[in-house]
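What follows is a set of notes on a single structure, which appears directly below.
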Amino acid sequence: MKKIKKLSKFLTIIPIIYLLSACDKNVTISNYNNHIKEIKIGVTLYNQDDAFISTIVKNIEEIAKDKENDGNYKIIINVLDARGSASEQSSQVERFVSQNYDVICVNMVDRTTASTIIDKAKASNIPVVFFNREPVEEDLDRWNKLYYVGAEAEKAGEMQADIIINAYRKNKQMVDRNGDGKIQYAMLEGEPGHQDALIRSEYCIKAMEKNGIELEKVADDTAYWQSAQATAKMSKWINTYGDKIEVVFSNNDDMALGAIQALEGQNRIKNKPLVIGIDGIPKALEAVKKGTMIGTVINDSWKQADAIFNLAYKLATHGDMSSVQGLEKGKYIRTAHTEVTIDNVDLFLQKSTDK
Ligand code: GAL
Ligand code: CA
Numbered sequence: 001m002k003k004i005k006k007l008s009k010f011l012t013i014i015p016i017i018y019l020l021s022a023c024d025k026n027v028t029i030s031n032y033n034n035h036i037k038e039i040k041i042g043v044t045l046y047n048q049d050d051a052f053i054s055t056i057v058k059n060i061e062e063i064a065k066d067k068e069n070d071g072n073y074k075i076i077i078n079v080l081d082a083r084g085s086a087s088e089q090s091s092q093v094e095r096f097v098s099q100n101y102d103v104i105c106v107n108m109v110d111r112t113t114a115s116t117i118i119d120k121a122k123a124s125n126i127p128v129v130f131f132n133r134e135p136v137e138e139d140l141d142r143w144n145k146l147y148y149v150g151a152e153a154e155k156a157g158e159m160q161a162d163i164i165i166n167a168y169r170k171n172k173q174m175v176d177r178n179g180d181g182k183i184q185y186a187m188l189e190g191e192p193g194h195q196d197a198l199i200r201s202e203y204c205i206k207a208m209e210k211n212g213i214e215l216e217k218v219a220d221d222t223a224y225w226q227s228a229q230a231t232a233k234m235s236k237w238i239n240t241y242g243d244k245i246e247v248v249f250s251n252n253d254d255m256a257l258g259a260i261q262a263l264e265g266q267n268r269i270k271n272k273p274l275v276i277g278i279d280g281i282p283k284a285l286e287a288v289k290k291g292t293m294i295g296t297v298i299n300d301s302w303k304q305a306d307a308i309f310n311l312a313y314k315l316a317t318h319g320d321m322s323s324v325q326g327l328e329k330g331k332y333i334r335t336a337h338t339e340v341t342i343d344n345v346d347l348f349l350q351k352s353t354d355k
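Going by full-length UniProt numbering, 58 is the number at position 58 of the sequence shown; the sequence numbering is gapless.
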């Protein structure tokens, strides 16, 4: 009996090792059982170092593991990092196609080049779930097995404005520090051509103006969603403008945190600007709690991961796509945002430590 047990252990280990070496890194496998059908989901990322993207991936893996525990399918999630190279991403998609993946999830390096990826997948009848970096509509219309999961970028911008407007109405001096009746601001932008950067900035400013708040743009620049680049830009602005900037609107949290780092330990500035981000990553929630950040807007990485995985699972198991919740025009899922300030941050800090 002991021998049989040992042998069966050995036999379970072989296929796992085989799969690990046959596929690429980051393969999630558990509950291996020869009788259970397997589904393979390939994921390619524009840059795995991106704080928000890495959270989405972690969530997808967790959700897949949970689903696998239902015992219906063995689920393989293979995550590849394109490290900012569109051609690398294109070869990753080719690899998934040649290894007969059931679905490919793409976080595009260059959102204007979706057609190359679509053509490859379509030729082999493999559905694609794009996420976070939205292809143009004409590309998504090229085939009926293309989907997109993202967020409502307009709302994120408007909510940033709302947080600042509320602070201003509560205590004008806290925002308009030089008392000239205008808000001097700087905008830290994510990435040229990225829908979330362009739309968030535009709708934030529009909402401020709609509410009758006079604005003066002091500076704006791109920091590619990254904290370190934002620290560099903010340091430059401090040198050039001193304490003229009253509010820093940042297209995401990581850059907001970078700006805060530049502001910390700055004696030249008596009145530090209010800094606001988007995403709701744990470090940003802590900064809101500490008061170094006035607020953030939650970009729901859990709901997005859930939507990406559910679409992929339904597609891979040939489920009924019309039963997918929240699917707009048969292909889009956009998750809602939530405003976070000192008033409600505890609620979200709690959630992020629960996960
Ligand atoms: C945005 C997110 C950023 C960054 C970017 C990458 O939606 O807010 O933090 O992750 O996507 O495409
Ligand atoms: Ca002012």
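Backbone N, C-alpha and C define an ideal beta-carbon position, used for all residues, glycine too.
In this text the structure is predicted, and so the values were computed from the model without any measurement.
Original post:
In the structure shown, what three-state DSSP assignment does Y203 receive?
Top reply: Residue state, collapsed to three classes: helix.
**OP:** State the DSSP-derived secondary structure class of S30, mapped to helix, strand or coil.
**Re:** Low per-residue confidence applies at S30: pLDDT is 48, beneath 50, and the placement is therefore not dependable enough to give any value.
Original post:
How would you write the range of the beta strand (DSSP E) that M321 sits in, first residue to last?
Top reply: Where M321 is concerned, there is no enclosing beta strand (DSSP E), given that its DSSP letter is neither H nor E.
Original post:
Near A230, what residues of its chain come up, given a Cβ to Cβ distance below 6 Å and the 5 sequence neighbours on each side ignored?
Top reply: Sequence-distant Cβ neighbours of A230 in its own chain, meaning closer than 6 Å and more than five residues away, are L188, A223, M255, G258 and A259.
Subject >> Delimiting residues of the beta strand (DSSP E) encompassing K168 >> reply: Looking at the sequence shown, residue 168 is not Lys but Tyr. Not the beta strand (DSSP E): Y168 falls in the alpha helix (DSSP H), residues A153 to K170.
**OP:** Please state whether DSSP places E246 in a helix, a strand or coil.
**Re:** coil
Subject >> Rounded C-alpha distance that separates G326 from I333 >> reply: Approximately 6 Å, taken between the alpha carbons.
**OP:** Please report how far the alpha carbon of G179 lies from the alpha carbon of T55, in whole angstroms.
**Re:** 40 Å
Subject >> For W225, the nearest candidate out of E38, Q48, K40 and K37 (CA to CA) >> reply: Q48
Original post:
How about the stretch 340-352 and the stretch 284-304: do they share at least three Cβ pairs that are nearer than 8 Å?
Top reply: yes
Original post:
Would you call the stretch 135-147 and the stretch 158-170 in contact, with 3 or more CB pairs under 8 Å?
Top reply: When Cβ pairs closer than 8 Å are counted between the two stretches, the stretch 135-147 is seen not to touch the stretch 158-170, the count staying below three.
**OP:** Report the three-state DSSP secondary structure of K272 (helix, strand or coil).
**Re:** Coil, per DSSP.
Original post:
Any idea if I276 is buried or exposed, counting beta-carbon neighbours within 10 angstroms, 16 or more meaning buried?
Top reply: buried
Original post:
When burial is assigned at 16 or more other CB atoms within 10 Å of the CB, is residue 402 buried or exposed?
Top reply: No answer is possible for residue 402: the residues shown for the chain start at 1 and end at 355.
Original post:
In the structure shown, what three-state DSSP assignment does A219 receive?
Top reply: strand
Original post:
Among G280, N271 and L45, which has the Cα closest to the Cα of S91?
Top reply: Ranking the options by Cα distance to S91, first place goes to L45.
Subject >> ligand 1 heavy atom lying under 8 Å from the CB of D49 >> reply: no
Original post:
Nearest chain C C-beta to L188 closer than 9 Å, yes or no?
Top reply: In the structure shown, chain C cannot be found, because there is only a single protein chain.
Subject >> Inter-residue Cα distance where the pair is T112 and E134 >> reply: 9 Å
Original post:
Three-state secondary structure (DSSP) at D119?
Top reply: helix
Original post:
From M293 to I245, what distance separates their C-alpha atoms?
Top reply: Roughly 15 Å separates the two Cα atoms.
**OP:** Whole angstroms is fine: what's the gap from N125's alpha carbon to H194's?
**Re:** 28 Å
Subject >> G190: CB within 8 Å of a non-hydrogen atom of ligand 1 >> reply: yes
Original post:
In three-state terms, what does DSSP make of L146?
Top reply: strand
Original post:
If K172 sits next to L215, beta carbons under 8 Å apart, how far is it from one beta carbon to the other, in whole angstroms?
Top reply: Going by Cβ atoms, the distance from K172 to L215 rounds to 14 Å, so no, they are not a contact pair.
Original post:
Under a three-way DSSP split, which group does K25 fall into?
Top reply: In this prediction, K25 has a pLDDT of 40, which is less than 50 and means its spatial position is unreliable; what the coordinates show is noted afterwards. DSSP, reduced to helix, strand and coil, places K25 outside both helices and strands of the structure shown, so it counts as coil.
Subject >> Spatial distance of Y185 from I53 (CA atoms) >> reply: 28 Å
Original post:
Rounded to a whole number of angstroms, what is the C-alpha to C-alpha distance between I198 and G71?
Top reply: The question names Ile, yet the displayed sequence has Leu at residue 198. C-alpha separation (whole angstroms): 43 Å.
Original post:
Is it the case that the CB of D254 approaches a heavy atom of ligand 1 more closely than 8 Å?
Top reply: yes
**OP:** Could you tell me whether any non-hydrogen atom of ligand 1 is closer than 8 Å to the CB of W225?
**Re:** yes
**OP:** Verify the contact flag: E209, CB atom, against every heavy atom of ligand 3, threshold strictly below 8 Å.
**Re:** In the structure shown, ligand 3 is absent; the only ligands present are ligand 1 and ligand 2.
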